[in-house]
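Some notes on the structure that comes next.
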Amino acid sequence: MDSSRAPSPDPSDSVVLTGIGCVLPGTPDVHAFWRHVSTGTPQVSRLEKPAFAAAGLPVHAAAQLGAFDTAVRLPDLDPAHAAKYNRDILATMAAVGDALADAGIARGQVAPERLSIVQSSSRGPLSWWAETMTAGPDQDPYAGKATAMFRGLAGCPATLAAIAVGAKGLVTTVSSACVGGHHAIGLALRELRSGSADVVLAGGHEFPITPEVARCYLGLGDGVLSPEEEDPASAVRPYDRDRRGFALGEGAMTLCLERESSARERGARIYARILGHRALNEANHATSMDLTGDVTASVVAAVLDDAGRKPEELGYVCGHGTATRYNDLAESRALRRLLPHRDDADLPPHGSNKPIYGHTFGMAGIINVAATSLMLHHQRLAPTANHRTPDPECDHDHVAEGPRDAEFDLAVSLSFAFGSQTSVMALEHA
Numbered sequence: 057m058d059s060s061r062a063p064s065p066d067p068s069d070s071v072v073l074t075g076i077g078c079v080l081p082g083t084p085d086v087h088a089f090w091r092h093v094s095t096g097t098p099q100v101s102r103l104e105k106p107a108f109a110a111a112g113l114p115v116h117a118a119a120q121l122g123a124f125d126t127a128v129r130l131p132d133l134d135p136a137h138a139a140k141y142n143r144d145i146l147a148t149m150a151a152v153g154d155a156l157a158d159a160g161i162a163r164g165q166v167a168p169e170r171l172s173i174v175q176s177s178s179r180g181p182l183s184w185w186a187e188t189m190t191a192g193p194d195q196d197p198y199a200g201k202a203t204a205m206f207r208g209l210a211g212c213p214a215t216l217a218a219i220a221v222g223a224k225g226l227v228t229t230v231s232s233a234c235v236g237g238h239h240a241i242g243l244a245l246r247e248l249r250s251g252s253a254d255v256v257l258a259g260g261h262e263f264p265i266t267p268e269v270a271r272c273y274l275g276l277g278d279g280v281l282s283p284e285e286e287d288p289a290s291a292v293r294p295y296d297r298d299r300r301g302f303a304l305g306e307g308a309m310t311l312c313l314e315r316e317s318s319a320r321e322r323g324a325r326i327y328a329r330i331l332g333h334r335a336l337n338e339a340n341h342a343t344s345m346d347l348t349g350d351v352t353a354s355v356v357a358a359v360l361d362d363a364g365r366k367p368e369e370l371g372y373v374c375g376h377g378t379a380t381r382y383n384d385l386a387e388s389r390a391l392r393r394l395l396p397h398r399d400d401a402d403l404p405p406h407g408s409n410k411p412i413y414g415h416t417f418g419m420a421g422i423i424n425v426a427a428t429s430l431m432l433h434h435q436r437l438a439p440t441a442n443h444r445t446p447d448p449e450c451d452h453d454h455v456a457e458g459p460r461d462a463e464f465d466l467a468v469s470l471s472f473a474f475g476s477q478t479s480v481m482a483l484e485h486a
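Using the numbering used here, the final residue of the sequence shown is 486, and nothing's skipped along the way.
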């Protein structure tokens with residue numbers, strides 16, 4: 057991996073996930089991530105932002121990152137530089153560095169021109185822009201030109217992370233709402249399969265816990281953003297008859313992807329193979345999705361066919377799982393259309409991690425793929441937390457009873473987004 061000369065990859069050389077970097081609520085590393093996901097332990101808690109109460113918004117629960125100790129997470133970063141950056145940048149830099157470290161790749165081990173970074177964010181540095189737009193007459197949010205420039209650009213988390221790890225390949229940020237994380241991984245697959253890169257760090261960063269974002273979703277009506285107040289940890293209830301919508305979540309996560317041959321050559325631990333990605337724009341309704349299940353079922357079937365696999369082989373489906381009625385119904389119906397000859401009890405297990413980390417929009421697909429990969433790696437299905445009373449139209453296996461040991465080698469991750477977007481990622485036990 058130390059050559060800057062572009063290779064011609066063997067088409068049969070799979071892409072694998074070898075490293076995971078986390079800066080998530082209550083989750084400083086991949087071990088904590090797996091512990092929370094595998095045990096169904098929500099990191100959603102009582103909302104601690106006074107701006108919500110001051111605005112009178114009925115939002116009381118969120119997955120909040122809390123304090124970020126730059127000196128601990130980024131010990132090599134000059135404090136003078138750190139002072140110019142926002143949390144989006146700092147958290148992404150830490151997640152990118154941790155993904156490389158978890159993969160066992162040292163700085164300089166990969167030729168800089170062969171190391172790429174693709175990040176996803178649905179809204180970019182929203183908190184900074186909100187503060188800037190509401191600054192009082194005695195405040196100067198642009199004090200220090202470099203500070204304002206760094207903090208205001210959606211692409212700076214990726215580019216500054218590239219400087220920190222010495223990545224000179226493709227460095228970019230995509231913004232495709234809630235399918236952006238999948239799209240980032242899809243671009244990484246293209247870079248690796250074409251031979252344009254040897255390692256790609258695909259991730260997402262999202263900090264949407266602001267009154268402005270809450271108002272957007274509250275404006276869609278009841279059942280979108282959860283109003284849960286008494287027990288914040290149970291705010292998100294996917295596929296449940298008593299669902300109330302999702303909670304906002306924040307943080308950063310990055311995955312280290314490379315070709316399997318190079319990973320095997322250096323003795324790397326492999327979490328999972330990334331078999332393929334299919335993305336589709338339904339070009340139909342701006343805020344809804346196909347509710348028959350036909351579209352999603354066709355995309356799942358297509359990505360499995362690309363990999364030479366069949367729907368009947370599926371051992372797990374990691375749903376988008378927003379705990380909103382349309383999303384829940386569409387996913388369940390898609391499974392029934394995908395496997396029309398099976399009874400509900402025989403459909404593959406189907407779960408969601410939104411109860412753990414809330415809805416993280418542009419990062420959601422990254423979290424899904426990381427969680428699914430770890431399930432394949434550990435051969436254990438993670439439960440869908442807070443699932444107690446099944447919606448009659450979603451009454452199949454959501455792993456509600458708790459962690460479940462399982463022997464399976466094929467799974468898919470689902471993502472959906474406003475703008476009529478559907479995305480499916482297929483993964484395999486390695």
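Glycine residues also receive a C-beta, built at the ideal position from the N, C-alpha and C atoms.
It should be emphasised that the depicted structure is a prediction, and the values quoted were computed from it without experimental measurement.
Let me know the secondary structure DSSP gives residue 351 once reduced to three states.
helix
Below 8 Å on the Cβ atoms is my contact criterion, and I expect residue 121 with residue 67 to pass it. Report the Cβ-Cβ distance as a whole number of Å.
Contact doesn't hold; Cβ gap of about 41 Å is too wide.
Assigned secondary structure, residue 58 (DSSP; H/G/I helix, E/B strand, else coil):
For residue 58, the predicted model reports a pLDDT of 47, less than 50, meaning its position is unreliable; a value from the coordinates is still stated below. Three-state DSSP puts residue 58 in coil, outside helix and strand.
So does the stretch 155–173 actually touch the stretch 216–233, counting three or more Cβ pairs closer than 8 Å?
yes
Locate the beta strand (DSSP E) running through residue 337, then write down its first and last residues.
328–337
Cutting at 6 Å between CB atoms, please list the residues of its own chain near residue 215, excluding the five before and the five after it.
227
When 344, 390, 104, 412 are compared against residue 90, the one with the closest alpha-carbon
412
Identify the continuous alpha helix (DSSP H) that holds residue 372 and give its terminal residues.
No alpha helix (DSSP H) contains residue 372, which is instead part of the beta strand (DSSP E) from 372–374.
For residue 36, the nearest candidate out of 476, 312, 296 (CA to CA)
The structure shown does not extend to residue 36, since the chain is modelled only from 57 to 486, so the question has no answer here.
Quick check: the stretch 384–398 against the stretch 277–284, are there 3 or more CB pairs under 8 Å?
no
Excluding the 5 residues preceding and the 5 following residue 534 in the sequence, name in chain order all residues of the same chain whose CB lies nearer than 7 Å to its CB.
Missing from the structure shown is residue 534; the chain here goes from 57 to 486 and no further.
Beta-carbon spacing of residue 330, residue 71 below 7 Å:
yes
Roughly how many angstroms separate the alpha carbons of residue 387 and residue 322, rounded to a whole number?
39 Å
Would you tell me roughly how many angstroms separate the C-alpha atoms of residue 16 and residue 440, rounded to the nearest one?
There is no way to answer for residue 16, as the model of the chain reaches only from 57 to 486.
Among the candidates 304, 359, 407, whose CA atom is the shortest distance from the CA of residue 267?
304
Under 7 Å, Cβ to Cβ, is there at least one residue of chain B near residue 291?
Among the chains in the structure shown there is no chain B, since it carries only a single protein chain.
Proximity to residue 260 [Cα-Cα], best of 79, 474, 445, 463:
79
Are the stretch 246–255 and the stretch 175–190 in contact at 8 Å, needing three or more beta carbon pairs?
no
Mind checking who residue 309 pairs with in its DSSP beta bridge?
78, 260
Below 7 Å CB to CB, which residues in the same chain sit around residue 69 once its five sequence neighbours on both sides are set aside?
315, 316, 317
C-alpha distance - residue 97 paired with residue 365, whole-angstrom precision
33 Å
Using CA atoms only, rank isn't needed, just tell me which of 289, 335, 279, 462 is closest to residue 242.
335
Hey, would you say residue 383 sits closer than 7 Å to residue 476, going by beta carbons?
no
Any idea what DSSP makes of residue 416, helix, strand or coil?
coil
Residue span of the beta strand (DSSP E) that contains residue 119, given as start and end:
117–119
Identity of the residue in 341, 346, 438 nearest residue 4 by Cα
This structure does not reach residue 4, given that the chain is present from 57 up to 486, and the question cannot be answered.
Nearest to residue 235 by CA position, among 478, 483, 484, is which residue?
478
Same chain only: Cβ atoms within 6 Å of residue 473, ignoring 5 sequence neighbours per side:
233, 234, 235
Secondary structure of residue 235, DSSP reduced to three states
coil
Taking the C-alpha atoms as reference points, what is the distance between residue 417 and residue 240?
13 Å
From residue 100 to residue 291, what distance separates their C-alpha atoms?
8 Å
Where does residue 484 sit, in a helix, a strand or coil, going by DSSP?
strand
3-residue-minimum beta strand (DSSP E) runs that sit fully inside the stretch 429–466, ordered along the chain
none
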